[in-house]
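Residue numbers (the working numbering): 460 to 541.
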Amino acid sequence: MVCVLEMSADHRLHYHCIFERPYHCQFERFRAIIRDQWSKTDFGYHEVDIQDRSDAGWTDYLLKLRQKRSLLDSIDWTNCQL
Numbered sequence: 460m461v462c463v464l465e466m467s468a469d470h471r472l473h474y475h476c477i478f479e480r481p482y483h484c485q486f487e488r489f490r491a492i493i494r495d496q497w498s499k500t501d502f503g504y505h506e507v508d509i510q511d512r513s514d515a516g517w518t519d520y521l522l523k524l525r526q527k528r529s530l531l532d533s534i535d536w537t538n539c540q541l
């Protein structure tokens with residue numbers, strides 16, 4: 460799991476993440492679990508976009524420097540599992 464914290468133009472913090480879906484869990488179930496758990500956080504917004512597969516374009520977007528002071532400081536190392 461890789462998590463990157465960004466600040467939008469209107470100064471709202473938000474996450475971009477890559478999760479590895481467990482092989483035994485169907486995508487719809489996995490998405491439902493993420494939505495359910497995210498809605499229980501104090502900072503969870505209603506805008507949640509969950510895609511089944513990521514590609515090089517998503518990885519580039521996740522690691523873009525726009526909206527970040529520093530890429531290394533924006534990665535949520537506490538919650539990343541590589």
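Backbone N, C-alpha and C fix where the C-beta goes; we use that ideal spot for every residue, glycine too.
Because the structure is a prediction, the values reported are computed rather than measured.
What separation, rounded to the nearest whole angstrom, lies between the Cα atoms of residue i and residue j?
i	j	result
residue 516	residue 538	22 Å
residue 505	residue 493	12 Å
residue 513	residue 481	15 Å
residue 533	residue 473	11 Å
residue 541	residue 500	23 Å
Which class does residue i belong to by DSSP, given the choice of helix, strand or coil?
i	result
residue 521	helix
residue 487	helix
residue 477	strand
residue 493	helix
residue 468	coil
residue 619	Outside the displayed range of the chain (460 to 541) lies residue 619, so it cannot be described from this structure.
Do residue i and residue j have their C-beta atoms within less than 8 Å of each other?
i	j	result
residue 508	residue 462	no
residue 487	residue 460	no
Going by other Cβ atoms of all chains shown within 10 Å of its Cβ, with 16 needed for buried, is residue i buried or exposed?
i	result
residue 467	exposed
residue 498	exposed
Taking the DSSP output, what are the residues bridged to residue i?
i	result
residue 462	476
residue 534	463
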